[in-house]
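As numbered in the working numbering, residues 36 to 359 make up the sequence shown, in order. Quick notes on the structure that follows.
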Amino acid sequence: MSTCCISYIRRRFARRTRKFLIQTKVYSGDLASSSSFSRSLAAAPGTLGLHSISNASRRVCCDAPKRRRFQVLALAVKRSPKRLKYATPRFTKEDELLYVEVDPSLSGADSWKLEPVVHLLKQGGVGVIPTDTVYAIVCDLRNHSAIERLRRIKNVDPQKPLSILCHSFHDIDTFTTGFPRGDGQGHANLFRAVKHCLPGPYTFILTATKELPKHCIRYGTADAKYTLRKNVGVRMPDEPICQAILEKMGSPLISTSVKCPKENEWLLDPVVIADIYGPEGLDFVVDGGVRVADPSTVVDMTVIPPKLIRQGKGPKLHWMVAED
Numbered sequence: 036m037s038t039c040c041i042s043y044i045r046r047r048f049a050r051r052t053r054k055f056l057i058q059t060k061v062y063s064g065d066l067a068s069s070s071s072f073s074r075s076l077a078a079a080p081g082t083l084g085l086h087s088i089s090n091a092s093r094r095v096c097c098d099a100p101k102r103r104r105f106q107v108l109a110l111a112v113k114r115s116p117k118r119l120k121y122a123t124p125r126f127t128k129e130d131e132l133l134y135v136e137v138d139p140s141l142s143g144a145d146s147w148k149l150e151p152v153v154h155l156l157k158q159g160g161v162g163v164i165p166t167d168t169v170y171a172i173v174c175d176l177r178n179h180s181a182i183e184r185l186r187r188i189k190n191v192d193p194q195k196p197l198s199i200l201c202h203s204f205h206d207i208d209t210f211t212t213g214f215p216r217g218d219g220q221g222h223a224n225l226f227r228a229v230k231h232c233l234p235g236p237y238t239f240i241l242t243a244t245k246e247l248p249k250h251c252i253r254y255g256t257a258d259a260k261y262t263l264r265k266n267v268g269v270r271m272p273d274e275p276i277c278q279a280i281l282e283k284m285g286s287p288l289i290s291t292s293v294k295c296p297k298e299n300e301w302l303l304d305p306v307v308i309a310d311i312y313g314p315e316g317l318d319f320v321v322d323g324g325v326r327v328a329d330p331s332t333v334v335d336m337t338v339i340p341p342k343l344i345r346q347g348k349g350p351k352l353h354w355m356v357a358e359d
């Protein structure tokens, strides 16, 4: 067979194999319109980052031409009855698990991939994002129904407190009384000490203010009257993906770490997280790579001197007192 014929056959085969049924999602403010179509892609599949889809999740393309303003989404599984049951009326794509792969360093070219994630969060979505310790299930701080969905998805004990992820010290000062700044009468300026720790792998327990919605700090069961906690755990992760999402949100997120439901062990692989929690009603997973089982260090700042509750990734500092 001649060289020309071989080249022609190869080109025909390449064109046929580059046909994908894809879905475009164009985001304009809070409105979204979508349409499905079949077309031939001029680039190879690996260039656009399209991956195979498991039965439990779908993946979003990782790399797309810079000029293209829409996200290319791979087709996903059919609607989950459980997810439809818990979906809020404002949802338009809650029936499918959005799986986004992002470079852990979050280069400038990758920031656009987080736009659909932020869109879902603002619409009441519940999903998984990476932090500087382990993965966390998050939702909008001000959305009561989203917080209830988060508790159902993870099956969180009503007595277990939830933490908040903050982008800046301004957020911390808004929803809590903040860190003691000293009074010049011999009391330590803990704010100055904490500034050297944050962003970082610490959870600081602070006194909540009235700005923090009550449903974020209540605990108890439906059979008894809910009680409000006075304190809340606050995190400011040193993680580019997490910080980018918080910045785009413009407000903190409610969070709880991701663990295996039966074995009470950290889930560190986002693919495994999608397989386990996707059928439970999870709306999205942001893949920032596999993590290490090293949770945050918990410090109670409501007492003087601050008490170390749990030793984790963050080192114990000289102004922290270990719990007896």
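For each residue, glycine too, the CB sits at the ideal point set by N, CA and C.
Inspect the beta-carbon positions of residue i and residue j and report whether they are closer than 8 Å.
i, j, result
"V325", "V152", "no"
"T166", "E274", "yes"
"S292", "P330", "yes"
Just to confirm my understanding: we take residue i, look at its own chain, exclude 5 residues before and 5 after, and list those with CB closer than 6 Å. What are they?
i, result
"K283", "V153"
"R74", "With a pLDDT of only 31 at R74, under 50, the local geometry of the prediction cannot be trusted, and no value is derived from it."
"L352", "none"
"S87", "Confidence in S87 is poor, its pLDDT being 36 and thus under 50, which makes the residue's placement unreliable; the coordinate value appears in the next sentence. Closer than 6 Å at the Cβ level, and outside the excluded window around S87, lies no residue."
"A357", "L343"
"R102", "Unreliable placement is indicated for R102, whose pLDDT of 32 sits below 50; the coordinate value is still reported in the next sentence. Excluding sequence neighbours, R102 sits near nothing in its chain."
"P305", "V320, D322"
"D138", "D145"
"T209", "E246"
"V307", "none"
"C148", "In the sequence as presented, Cys is not what sits at residue 148; that position holds Lys. For K148, where only same-chain residues beyond five positions count, the Cβ hits under 6 Å are V135, V137."
Does the distance between the C-beta of residue i and the nearest non-hydrogen atom of the ligand GDP fall short of 7 Å?
i, result
"A171", "Questions concerning the ligand GDP fall outside what the structure shown contains, since it holds no ligand whatsoever."
For residue i, which residues from the same chain have a beta carbon less than 8 Å from its beta carbon, with the 5 sequence-adjacent residues on both sides left out?
i, result
"I240", "N266, V267, G268, V269, V333, V334, D335, M336, T337, I344"
"S203", "M271"
"I311", "C295, P296, L302"
"W354", "A223, L225, A228, P340, P341"
"S146", "A279"
"K348", "D167, T168, P236, D329, P330, S331, T332"
"S142", "none"
Among the candidates the options, whose CA atom is the shortest distance from the CA of residue i?
i, options, result
"L302", "P139, V163, P248, S140", "V163"
"I339", "L225, H231, L197", "L225"
"P350", "A243, I311, T244, C232", "C232"
"L247", "D206, L149, Y134", "D206"
"C295", "G235, I172, G159, Y134", "I172"
"P196", "I252, K297, D138", "I252"
"P341", "N178, V161, T238, C201", "T238"
"E315", "S180, L149, V161", "V161"
"L281", "P139, V307, L156", "L156"
"C174", "D208, C201, S146, K148", "C201"
My guess is that residue i and residue j are in contact by the Cβ rule of under 8 Å, so how many angstroms apart are they, rounded?
i, j, result
"I276", "I199", "The Cβ separation is near 17 Å, so there is no contact."
"A279", "V169", "So it is not a contact: roughly 18 Å between Cβ atoms."
"S286", "L176", "6 Å"
"F214", "V191", "Not really, about 27 Å apart at Cβ, beyond 8 Å."
"I182", "H250", "6 Å"
Tell me residue i's beta-bridge partners as DSSP assigns them.
i, result
"S286", "Answer is none; S286 lacks a bridge partner."
"T242", "N266"
"V333", "T238, R345"
"T291", "I172"
"D322", "E136"
"T211", "A243"
"V338", "None, per the DSSP bridge assignment."
"A357", "L343"
"W301", "K294"
"I27", "Look at the range of the chain in this structure, 36 to 359, and you will see that residue 27 is not part of it."
I'd like the list of long-range same chain contacts for residue i, defined as Cβ closer than 7 Å, with 5 residues on each side in sequence excluded.
i, result
"Q346", "T332"
"T212", "L241, T242, T244"
"N178", "G159"
"R216", "N224, F226"
"S140", "P275"
"E298", "none"
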